[in-house]
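Colleague: Quick note: the sequence shown uses my numbering, first residue 214, plus one each step. A virtual CB, placed ideally from N, CA and C, is assigned to each residue, including glycine. Can you keep this structure in mind? I'll have questions shortly.
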Amino acid sequence: MRCRPSLYREEVRHRAATDPRLSPVSAVRLLNDPRRSVRHAAATHPRLPARTLIRLLRDTATADSAAQNPALPVAVMHYMLDSAATGPASPHGR
């Protein structure tokens with residue numbers, strides 16, 4: 214049985230997104246892939262620039278994937294933990 218070319222290309226892009234040798238530029242490029250699995254893998258790639266990673270954290274569509282990135286800056290981790298412990302700020306104050 215032969216593999217469909219589109220599935221093969223998706224598999225290649227997914228493997229690229231999980232390759233530790235992937236360049237930061239290529240990781241950013243894969244964030245716009247049409248397949249969610251490839252975008253997720255790219256968002257968790259440790260070579261993503263910190264600015265890009267923080268931008269992904271602010272977007273509800275990518276925040277879960279970005280939060281799994283092992284290169285997440287420690288200061289951002291602390292902020293996320295503090296925010297989770299205190300809950301979102303109320304618009305009317307506390």
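Got a sec, what are the start and stop residues for the alpha helix (DSSP H) H291 sits in?
Modeller: 287-299
Colleague: Leaving out five residues on either side along the sequence, give the residues of the same chain with a beta carbon under 8 Å from the beta carbon of D295.
Modeller: none
Colleague: Measuring only the C-alpha atoms, how far is Y221 from R228?
Modeller: If I take the Cα positions, the gap works out to 11 Å.
Colleague: Let me check understanding here. Comparing Cα to Cα, which of L266, A297, L261, E223 lies closest to V314?
Modeller: An answer regarding residue 314 cannot be provided, because it is not within the stretch 214 to 307 covered by the chain.
Colleague: Quick one: is L243 buried, meaning 16 or more other Cβ sit within 10 Å of its Cβ, or exposed?
Modeller: Under the 10 Å beta carbon count, L243 is surrounded by 16 or more other beta carbons and is classified as buried.
Colleague: Please confirm whether P259 and A284 have their CB atoms less than 8 Å apart.
Modeller: yes
Colleague: What ranges does the alpha helix (DSSP H) occupy inside the segment 217-284, keeping only unbroken runs of at least 4 residues that lie completely in it?
Modeller: 218-231, 237-243, 249-256, 263-270, 276-280
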